[in-house]
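Undergrad:
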């Protein structure tokens with residue numbers, strides 16, 4: 001979710017990159033306080049941040065998945081075993097009849113994103 | 001409950017059907033079946049024996065699901081001959097002395113190929129045509145003689161029936177000449193009338209087969225080398241031959257039953273009643289060995305019916321033999337021949353309606369009742385397209401003008417028929433139109449595959465499949481079910497339809513494509529599909545414009561993602577020929593970046609464990625040294641595998657490496673519905689395993705044979721012969737068209753083998769389009785491929801020259817120099833591999849990516 005108004009300052013908010021560094025529909029990975037985050041700028045201009053760790057393969061690859069939508073919900077598909085996740089709340093929408101690797105939730109963590117003065121800011125503590 | 005022991009003697013198609021049906025219907029496990037089979041292999045499709053020559057392997061001829069033979073209640077003894085039956089003790093003795101006790105015995109010993117007593121019939125070079133071993137021996141002989149004689153082998157087939165013509169076709173397929181010698185006054189005298197026989201003879205002769213009817217053979221004479229050398233005819237004529245095949249009919253193998261004191265028919269065969277039982281209620285006989293309703297029937301359909309009846313009776317059913325449907329439809333040497341019902345108009349007062357077109361080699365006859373209202377039978381030669389619709393109508397009122405069925409399609413409107421439910425559609429498996437309708441309406445079958453699996457229709461000879469498909473489509477339409485071939489929720493079209501739409505509308509971006517033909521934002525299914533279509537049509541860089549976001553990660557970074565999120569790198573090695581300096585460079589790169597190296601199945605080298613951000617520096621070194629992308633990551637041409645060929649090999653007859661390189665450079669970068677692999681072998685020994693490829697090119701003394709539609713993988717398929725003995729230019733032209741036609745019409749992720757199989761009319765229809773240019777598409781396909789070849793550029797070279805695209809190859813947008821900290825490796829056999837979760841937890845010796853920094 002993208003919030004464009006300047007938000008309340010918080011120590012967990014980290015400036016990740018310029019908005020212009022993101023290409024539409026092409027995800028990138030970011031390293032935020034040691035946590036790998038997948039960042040997506042969609043064609044409508046919104047920016048979404050989810051965990052980069054793919055729960056079904058254990059590899060940090062979600063940022064390299066294909067974006068799209070399922071019934072209007074913006075999604076990303078894992079490039080490894082093709083599970084589909086909502087970019088809005090991280091829910092795994094298509095499991096491809098697979099289980100996540102041991103101990104992991106099938107859903108992705110979602111991190112709030114704010115745009116401030118052309119910069120993309122992620123709040124790790126604000127996970128949904 | 002005790003299990004009853006069923007013993008089946010014989011391991012042919014009918015034995016298979018019996019066992020399969022019993023296991024399917026005996027759900028309580030009342031019966032255990034032991035099958036005693038003489039041949040060294042499980043039952044196979046004898047009807048399709050000739051396809052062994054067009055490249056099918058014995059495995060391809062296997063019947064049904066091989067899992068049947070692993071059923072705990074089924075035991076198959078191969079290479080095992082029953083020598084005696086003791087009906088008193090209910091015991092079968094098997095060669096070697098073993099005794100097998102039975103509660104019920106099923107004799108399914110079939111027939112043997114009968115040879116008229118002919119002096120010289122035991123000479124080397126004289127063959128029968130009944131088993132896989134027969135045809136394998138024939139093939140071996142012809143190939144060996146051709147090599148030894150250095151000229152085409154002269155072949156003759158004695159017998160002009162169905163098998164004889166098949167054998168003649170097989171000889172031709174092996175590059176031998178062939179003469180068919182027929183004792184009767186016409187070919188296939190059991191199936192077709194005089195007019196049909198004439199038409200058949202003309203058609204067969206046009207194909208280069210010599211036909212001699214009304215000719216008796218008196219003797220086979222040896223040549224100087226002791227092998228068969230000539231045939232002497234009763235009229236005194238003599239003909240030189242190098243190989244002779246006897247196809248003079250079959251006789252029932254009733255000796256076991258006869259020795260056991262069972263009654264035999266007047267012309268042999270074990271006499272059974274309409275329930276397939278002999279006079280001994282513990283013994284049944286089914287298939288060709290059974291003399292039922294007064295005669296033995298050498299067709300698979302009645303044999304299968306007998307198997308089903310026996311199973312039904314064992315389970316307490318009451319079915320009886322309804323009489324044999326002797327209808328046949330075949331394609332002999334590419335000529336359609338069909339005969340059904342009362343083909344010889346023996347019914348009193350029957351009318352015959354004939355259409356003959358000697359120029360085009362078509363002969364059609366309908367036999368009707370005296371009021372011309374009811375169909376009794378017919379003969380179709382040269383064009384049997386009406387067979388599937390007409391045969392089930394036998395005995396039924398034929399609506400409209402019967403001439404509509406005889407005249408060429410389109411001349412008169414062909415009446416539309418709605419088959420009655422009881423009309424048999426698949427006579428091999430006795431499936432009625434009603435059963436197919438049921439499968440669609442009540443069993444939820446909505447595609448041909450599930451209808452086949454559910455009803456068994458079309459699973460034997462397949463000639464009824466067009467009709468099955470039509471009935472299925474009609475039913476689906478009636479119940480308002482639209483056969484969905486939608487790509488995904490964003491596109492209602494199939495890939496082939498979308499390809500056409502994009503081509504006609506000349507749209508070049510995904511946003512335009514989805515705006516015009518779809519809805520929503522797209523997804524991981526339609527985006528790569530559209531990306532592939534755009535690449536096939538326009539051959540622009542896969543990462544140009546808005547296309548990068550369409551590609552799967554492999555195409556997007558032009559490398560193959562592995563399980564830990566790192567990539568493998570495969571430079572192109574055309575035809576598997578590689579310069580020593582390139583080998584050294586690959587080795588140095590592997591050392592410098594700590595990459596795991598492995599030789600691929602496609603004759604090149606794979607470098608594993610490269611991180612996203614390392615790909616450009618690896619490729620810079622490869623491209624600088626003149627190597628290029630191998631497209632190992634793409635749904636595109638992968639490799640062209642080759643053997644070393646005539647330049648070095650003692651046996652090679654053509655330069656297979658040269659051909660492979662030419663093909664690989666021609667089709668490199670060609671995006672397609674799925675990956676495409678090619679292979680080229682320099683001689684018939686086929687060391688490149690080209691028949692396992694989408695396109696296989698195999699050298700002959702005269703040029704090249706091109707095979708298409710093979711693949712390894714989950715369901716291995718051998719490629720089928722498309723054209724023979726063609727020149728280099730023709731190899732290119734025919735493959736250009738085949739691949740382009742495949743790219744245009746295949747489904748998403750559909751490889752050539754299933755595409756070819758599901759294409760209307762199969763490979764024959766594809767051959768007409770790509771070789772004979774029947775649709776007039778040839779020039780367009782050629783031009784399209786020429787555009788591809790002219791516009792090829794190395795994808796990696798282009799990216800290295802483009803700073804904007806290079807920016808996509810960073811590990812973290814906010815820490816571009818930092819490697820993914822989660823990667824961990826252990827050493828194995830001197831190289832590294834990803835650590836397993838257990839190894840990570842136990843803290844076993846790990847190699848972290850930081851210790852593998854790039855030296856360059």
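Chains as they are written, first to last, in our numbering: chain A, 1 to 128; chain B, 1 to 856. Note that beta-carbon positions come from the ideal geometry of N, C-alpha and C, so glycine has one too.
Evaluate residue 173 (chain B) with the Cβ neighbour count: other Cβ atoms within 10 Å of its Cβ, from every protein chain shown; 16 or more gives buried, anything less gives exposed.
TA: Translated into the one-based positions of the second chain, residue 173 (chain B) becomes position 173. Flag for residue 173 (chain B) reads buried.
Undergrad: Of all Cβ atoms in chain B, is any one closer than 8 Å to the Cβ of residue 118 (chain A)?
TA: Stepping through the first chain from its first residue, residue 118 (chain A) is reached at position 118. With 8 Å as the cut-off, residue 118 (chain A) does not count as an interface residue toward chain B.
Undergrad: Measure the Cβ-Cβ separation of residue 545 (chain B) and residue 509 (chain B) and say whether it is below 8 Å.
TA: As a working mapping, residue 545 (chain B) is identified with position 545 in the second chain. As a working mapping, residue 509 (chain B) is identified with position 509 in the second chain. Yes, Cβ-Cβ distance for residue 545 (chain B) and residue 509 (chain B) is below 8 Å.
Undergrad: Need the endpoints of the alpha helix (DSSP H) that residue 201 (chain B) sits in, please.
TA: Within the second chain, residue 201 (chain B) is the residue found at index 201, counting from 1. Residues 194-206.
Undergrad: Identify, in the order they occur along the chain, each residue of the same chain with its Cβ nearer than 7 Å to the Cβ of residue 28 (chain A), setting aside the five sequence neighbours on each side.
TA: Taking the first residue of the first chain as 1, we reach residue 28 (chain A) at position 28. So the list reads 22, 39, 63, once near-sequence residues are dropped.
Undergrad: Quick check: the Cα distance between residue 77 (chain B) and residue 190 (chain B), rounded to an integer number of angstroms?
TA: Sequence index remark: in the second chain, residue 77 (chain B) carries index 77 (1-based). Sequence index remark: in the second chain, residue 190 (chain B) carries index 190 (1-based). For residue 77 (chain B) and residue 190 (chain B), the distance between alpha carbons rounds to 36 Å.
Undergrad: Would you say residue 114 (chain A) faces chain B, with C-beta separation under 8 Å as the test?
TA: As a first step, residue 114 (chain A) must be located in the first chain, where it is residue number 114. Closer than 8 Å: no.
Undergrad: Compute the Euclidean distance between the alpha carbons of residue 311 (chain B) and residue 101 (chain B), then round it to the nearest angstrom.
TA: As a first step, residue 311 (chain B) must be located in the second chain, where it is residue number 311. As a first step, residue 101 (chain B) must be located in the second chain, where it is residue number 101. Looking at the two C-alpha atoms, the distance is approximately 19 Å.
Undergrad: Between the alpha carbons of residue 705 (chain B) and residue 176 (chain B), how many angstroms are there, rounded?
TA: Here residue 705 (chain B) corresponds to residue number 705 of the second chain, with the count starting at 1. Here residue 176 (chain B) corresponds to residue number 176 of the second chain, with the count starting at 1. Using only the alpha carbons, I get a separation of about 16 Å.
Undergrad: Rounded to whole angstroms, what is the Cα-Cα separation between residue 643 (chain B) and residue 682 (chain B)?
TA: Mapped onto the second chain, residue 643 (chain B) falls at position 643. Mapped onto the second chain, residue 682 (chain B) falls at position 682. Going from the Cα of residue 643 (chain B) to the Cα of residue 682 (chain B) covers about 6 Å.
Undergrad: Roughly how many angstroms lie between the CA atoms of residue 114 (chain B) and residue 649 (chain B), to the nearest whole one?
TA: Within the second chain, residue 114 (chain B) is the residue found at index 114, counting from 1. Within the second chain, residue 649 (chain B) is the residue found at index 649, counting from 1. Each residue's Cα considered, the two are about 44 Å apart.
Undergrad: Output yes if chain B places a C-beta closer than 8 Å to the C-beta of residue 121 (chain A); else output no.
TA: The residue labelled residue 121 (chain A) in the question sits at position 121 within the first chain. Not closer than 8 Å to any Cβ of chain B, the Cβ of residue 121 (chain A) fails to qualify, so no.
Undergrad: Of all the CB atoms in chain A, is at least one closer than 8 Å to the CB of residue 392 (chain B)?
TA: Taking the second chain and counting its residues from 1, one reaches residue 392 (chain B) at position 392. Not closer than 8 Å to any Cβ of chain A, the Cβ of residue 392 (chain B) fails to qualify, so no.
Undergrad: What does the Cβ neighbour count give for residue 695 (chain B), buried or exposed, with the cut at 16 atoms within 10 Å?
TA: To locate residue 695 (chain B), count along the second chain from 1; it is residue 695. When all chains shown are included, residue 695 (chain B) counts as buried.
Undergrad: Determine the DSSP secondary structure at residue 2 (chain B), reduced to helix, strand or coil.
TA: Translated into positions along the second chain, residue 2 (chain B) becomes position 2. Looking at residue 2 (chain B) - three-state DSSP - the assignment turns out to be coil, as it is neither helix nor strand.
Undergrad: Below 8 Å on the Cβ atoms is my contact criterion, and I expect residue 287 (chain B) with residue 303 (chain B) to pass it. Report the Cβ-Cβ distance as a whole number of Å.
TA: On the second chain, residue 287 (chain B) is found 287 positions in, with the first residue counted as 1. On the second chain, residue 303 (chain B) is found 303 positions in, with the first residue counted as 1. Between residue 303 (chain B) and residue 287 (chain B) the Cβ distance is about 4 Å, and since that is below 8 Å, they are a contact.
Undergrad: Round the Cβ separation of residue 243 (chain B) and residue 153 (chain B) to the nearest angstrom and send it over; I've been treating them as touching at under 8 Å.
TA: In the second chain, residue 243 (chain B) corresponds to position 243, counting from 1. In the second chain, residue 153 (chain B) corresponds to position 153, counting from 1. That pair is a contact at about 6 Å.
Undergrad: Go to residue 40 (chain A), then tell me how far its beta strand (DSSP E) extends in each direction, as first and last residue.
TA: Indexing the first chain from 1 puts residue 40 (chain A) at position 40. Run containing residue 40 (chain A): 35-41, per the beta strand (DSSP E) assignment.
Undergrad: DSSP three-state label for residue 128 (chain A), please.
TA: Taking the first chain and counting its residues from 1, the one referred to as residue 128 (chain A) is at position 128. Residue placement at residue 128 (chain A) is flagged as unreliable, the pLDDT there being 48, under the threshold of 50; the coordinate-derived value follows with that caveat. DSSP places residue 128 (chain A) in coil when its eight states are reduced to three.
Undergrad: Restricting to Cα atoms, I'd like to know which of A:98, A:72, A:109 is closest to residue 89 (chain A).
TA: Here residue 89 (chain A) refers to the residue found at position 89 of the first chain. Ranking A:98, A:72, A:109 by Cα distance to residue 89 (chain A) puts A:109 first.
Undergrad: Assuming contact is defined by CB atoms lying nearer than 8 Å, are residue 652 (chain B) and residue 658 (chain B) in contact in what I supplied?
TA: Against the second chain, residue 652 (chain B) aligns to sequence position 652. Against the second chain, residue 658 (chain B) aligns to sequence position 658. No, the pair does not count as a contact, with Cβ atoms beyond the cut-off.
Undergrad: Please determine, among B:613, B:561, B:669, B:634, the residue with the shortest C-alpha to C-alpha distance to residue 792 (chain B).
TA: Translated into the one-based positions of the second chain, residue 792 (chain B) becomes position 792. Considering only alpha carbons, the answer is B:669.
Undergrad: Is residue 842 (chain B) close to chain A? Criterion is C-beta to C-beta, closer than 8 Å.
TA: Translated into the one-based positions of the second chain, residue 842 (chain B) becomes position 842. Closer than 8 Å: no.
Undergrad: Sort B:87, B:499, B:602 by Cα distance to residue 577 (chain B) and report the nearest one.
TA: Taking the second chain and counting its residues from 1, the one referred to as residue 577 (chain B) is at position 577. Nearest C-alpha to residue 577 (chain B): B:602.
Undergrad: Going along the region 812-834 of chain B in order, which residues come within less than 7 Å of chain A, judged by CB to CB distance?
TA: Those residues of the region 812-834 of chain B that come within reach of chain A (Cβ to Cβ, closer than 7 Å) are 812, 813, 814, 815, 818, 820, 822.
Undergrad: Could you check where the alpha helix (DSSP H) with residue 405 (chain B) kicks off and where it finishes?
TA: Locating residue 405 (chain B) in the second chain gives position 405, where the first residue counts as 1. It spans 403-406 - the alpha helix (DSSP H) in which residue 405 (chain B) sits, taken as one unbroken run.
Undergrad: Strictly below 9 Å CB to CB, what residues from chain B border residue 57 (chain A)?
TA: As a position in the first chain, residue 57 (chain A) is number 57, starting the count at 1. Ordered by position in chain B, the residues that pass the 9 Å Cβ test against residue 57 (chain A) are 563, 564, 565.
Undergrad: Looking at the unbroken beta strand (DSSP E) that takes in residue 617 (chain B), where does it start and where does it end?
TA: Numbered from its first residue, the second chain carries residue 617 (chain B) at position 617. Element bounds for residue 617 (chain B): not the beta strand (DSSP E) but the alpha helix (DSSP H), 615-624.
Undergrad: Does DSSP put residue 729 (chain B) in a helix, in a strand, or in coil?
TA: Translated into positions along the second chain, residue 729 (chain B) becomes position 729. Residue 729 (chain B): helix per DSSP, three-state reduction.
Undergrad: Within 8 Å (strictly less), CB to CB, does residue 48 (chain A) reach chain B?
TA: Translated into positions along the first chain, residue 48 (chain A) becomes position 48. Not one chain B Cβ lies under 8 Å of residue 48 (chain A).
Undergrad: Please check if any C-beta of chain A sits within less than 8 Å of the C-beta of residue 522 (chain B).
TA: Along the second chain, read from residue 1 onward, the residue named residue 522 (chain B) stands at position 522. Yes - at least one Cβ of chain A is within 8 Å of the one on residue 522 (chain B).
Undergrad: Of all Cβ atoms in chain B, is any one closer than 8 Å to the Cβ of residue 12 (chain A)?
TA: For the purposes of this step, residue 12 (chain A) is taken as residue 12 along the first chain, with counting starting at 1. No, residue 12 (chain A) lies away from the interface with chain B (no Cβ there is under 8 Å from its Cβ).
Undergrad: Which same chain residues, not among the five before or five after residue 611 (chain B), have their C-beta less than 8 Å away from its C-beta?
TA: For this step, residue 611 (chain B) is matched to residue 611 along the second chain. Here the set comprises 566, 567, 811, 819, 820, 823, 849.
Undergrad: Measuring CB to CB, does residue 562 (chain B) end up less than 8 Å from residue 593 (chain B)?
TA: Reading the second chain from its first residue, position 562 is the one you call residue 562 (chain B). Reading the second chain from its first residue, position 593 is the one you call residue 593 (chain B). It is not a contact, given that the beta carbons lie outside the stated cut-off.
Undergrad: Terminal residues of the continuous beta strand (DSSP E) containing residue 119 (chain A)?
TA: Here residue 119 (chain A) is taken as the residue at index 119 of the first chain, counted from 1. 119-123 is the extent of the beta strand (DSSP E) around residue 119 (chain A).
Undergrad: Taking only three categories from DSSP, how would you classify residue 341 (chain B)?
TA: The residue you call residue 341 (chain B) lines up with position 341 of the second chain. In the structure shown, residue 341 (chain B) sits in a strand (DSSP, three-state: E or B).
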